[in-house]
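Step one of this worksheet: look at the structure below.
Printed below as a string of structure tokens:
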């Protein structure tokens, strides 16, 4: 569902999007609209009724959706043993931004190495291939523990003195760069071979062709899947809490276990949604803009 | 927190009465009058046997004929030994079996269930009669679950590496300058923030093993935990020492029951008997040692 575009203002709707939208919403005639609205309302009302009328509904609402607990956990009160979830989300945001910048660079480097053809680069290619295989296969939690507890145990000067957030970002970069390099590689492979041939025939070197002809096209193609990975990355910053850093999810957990109520997790979830939904909408916007540009380009 | 226990006991007595347990309710009020007094409990133990007999409590059990006791995985000494709750070794395992015996259960009639701490307070029916997992009583928690009376009164202690700054400098002002670590969900964090009030945010880890790892790699200056656990940790981590323990804040460990579970009345009687006949003191001496050698300092 999330891949389908949101219904937007009609003037933005391009022919192919309009077709997809009508498939999503069904018959766009007046009768169709009435039927689709009615069935949506009935299904939603039934779900709400099941939740509200269940024997344990009041308990579940108190446990997960209690406004007092949600507000308290949002504000925090260290003296009472818990931290502000609202403040802790800033650590997630900072870790996410730092990790994202590094992942975009490292992922691209790995992808370019894997697609290189020079015989001198064989050891690097083997290394990059092994890295991608291993990093994608190993659970992120293990990376976080290995770096977060391993690096301090090495007792090196700079390496061993970092904060939990720094180790967490390192682990996120290590894991996500492997995924992102594959996204890049798919994007680069998808650019037609004739593009390289054309660039080379114009006298561009192989690297210049890659940089000025192939990559701009490849990256534009893979922006939506890249953003998909970054939405996932935003949530995975919560795993850095394993290293003792008090990020949003950890703050929620501390609150929950201090007063035995899970509403704080809902607060953390809402804050994560506030971060991810704009990113999802931004992805849709980029897809639409890209399609509009291509259609315009086709006419020239 | 001790001042809350009278209110909690009153609430328990009301709940027991409202559950229609006429037999236990009259007894409940008598034990409710002396929630923390052990002297009076001895006098009621004979009459307690009548209403809290094994057959009388069958209807309150999770599984008929069995006392289902829950705890987390893994479990640590000195509360459990060899990560096996079933062996009767370790303070909490021994207390569970002793309480079970008071209620007329043989050792084979005690079943152990696995209950992670963070799901022990989830809404819905519980898979156990009670959970024994070093869970501290607090008024906020007691609104969601029912606690038994104390089976261990807790003091918090500091564990650090020998020769580290905090091992020698732990005056009240010095204590504020260190980075502390503890396990998530423990009252140690509340203690750190409310009593020590350090300048730097403590680190909060998922498991005790993670906290120990952080101490060894010097990511934290000291870990804060209850004194028995602190003593045990020093046997595990080379060159570590219990720097000091803090005065009691009235904190105590209670058995965790589903909110309003009437069984708590009889379990409290069993605990009172174990206190008055010296069993708890004996088990404390056996498993939790004598901590008079650890200096007590002000937070």
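Residue numbers (our numbering), protein chains in the order written: chain A, 10 to 309; chain B, 91 to 389. The beta-carbon is built from N, C-alpha and C at its ideal position, and this holds for glycine as well.
Under 9 Å by beta carbon: chain B residues contacting residue 88/A: 280, 283, 284 and 287
Which of the three DSSP states is assigned to residue 147/A in this structure? coil
Please name the residue, chosen from 301/B, 388/B and 358/B, that lies closest to residue 335/B on a Cα-to-Cα basis. 388/B
Rounded Cβ spacing between residue 189/A and residue 226/A (contact assumed at less than 8 Å): Between residue 226/A and residue 189/A the Cβ distance is about 17 Å, and since that is not below 8 Å, they are no contact.
At what residues does the alpha helix (DSSP H) containing residue 361/B begin and finish? 353-366
Which residues in chain B sit within 9 Å of residue 179/A, going by Cβ to Cβ distance? Result: empty, since nearest Cβ-Cβ is about 15 Å, beyond 9 Å.
Span of the beta strand (DSSP E), counted from its first residue to its last, around residue 315/B: 312-316
Start and end residues, alpha helix (DSSP H) containing residue 207/B: 207-210
Under 8 Å between C-beta atoms of residue 208/A and residue 231/A: no
Where DSSP assigns a beta bridge to residue 202/B, which residues make up the other side? 159/B
Which runs of the alpha helix (DSSP H) fall wholly inside the segment 138-188 of chain A and span at least 4 residues, in chain order? 149-162
Just to confirm the assignment, what range does the beta strand (DSSP E) spanning residue 345/B have? 342-348
Please state whether DSSP places residue 75/A in a helix, a strand or coil. coil
Simplified DSSP state of residue 244/A, which is helix, strand or coil: helix
Under 7 Å from any heavy atom of the ligand FMN, does the C-beta of residue 291/A make it? In the structure shown, the ligand FMN is absent, as is every other ligand, since no ligand is present at all.
Give the secondary structure of residue 283/B by DSSP, where H, G and I count as helix, E and B as strand, and everything else as coil. helix
Does DSSP classify residue 335/B as helix, strand or coil? strand
My output table needs one value for residue 181/B: the three-state DSSP class, helix, strand or coil. helix
7 Å CB neighbourhood of residue 128/B in its chain, flanking five on each side removed: Because the pLDDT at residue 128/B is just 38, under 50, the model does not fix this residue reliably, and the point stays unresolved.
Are there three or more Cβ pairs, one per stretch, closer than 8 Å when the segment 98-106 of chain A is compared with the segment 241-249 of chain B? no
Let's see if you can read the secondary structure: which residues bound the alpha helix (DSSP H) around residue 303/B? 298-306
Which word fits residue 131/B, buried or exposed, when buried means at least 16 other C-beta atoms lie within 10 angstroms of its C-beta? Caution applies to residue 131/B, whose pLDDT of 39 falls short of 50 and renders its modelled position unreliable; the model cannot decide the point.
Just the C-alpha distance for residue 220/B and residue 310/B, rounded to the nearest angstrom, thanks. 34 Å
So with Cβ pairs under 8 Å, would you call residue 247/A a contact of chain B? no
If residue 177/B and residue 185/B are in contact, beta carbons under 8 Å, what's the gap, nearest whole angstrom? With a Cβ gap of about 14 Å, residue 177/B and residue 185/B do not count as contacting.
So residue 390/B packs on residue 89/A, CB below 8 Å; how close in whole Å? Residue 390/B is absent from the model: chain B starts at 91 and stops at 389.
Output, in sequence order along the chain, the residues in the segment 288-299 of chain B whose CB is closer than 7 Å to any CB in chain A. 291, 293, 294, 295 and 296
Determine the DSSP secondary structure at residue 220/B, reduced to helix, strand or coil. strand
From the DSSP output, read off the bridge partner residues of residue 91/A. 86/A
Count the other C-beta atoms from every protein chain shown that fall within 10 angstroms of the C-beta of residue 204/B, then say buried if there are 16 or more, exposed otherwise. exposed
Measuring only between beta-carbons, confirm whether residue 161/A sits less than 8 Å from chain B. yes
Is there a Cβ from chain B that is less than 8 Å from the Cβ of residue 262/A? yes
Would you kindly check if the distance between the Cβ of residue 250/B and the Cβ of residue 183/B is under 8 Å? no
Opening and closing residue of the beta strand (DSSP E) in which residue 236/B lies: 235-243
If you follow the alpha helix (DSSP H) that residue 372/B is in, where does it begin and where does it stop? 369-377
Any chain A beta carbon closer than 8 Å to residue 308/B: yes
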